[in-house]
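Here's the structure, in structure tokens; my notes come after.
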């Protein structure tokens, strides 16, 4: 039973992350993992920020 609950929670977390990525790409974000991208003067196709 514990394995089923763990698998369900893992499935939900991965699903929510996938939905977030799809929505972010539809909004036109180039590099989703970078919180400063879109607010700086760098080339967004090659976004490298120091966090």
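Residue numbers (this note's numbering): 364 to 414.
For glycine and all other residues, C-beta sits at the position ideal for the given N, C-alpha and C.
For residue i, the three-state DSSP class (helix, strand or coil)
i           : result
residue 389 : helix
residue 377 : helix
residue 395 : coil
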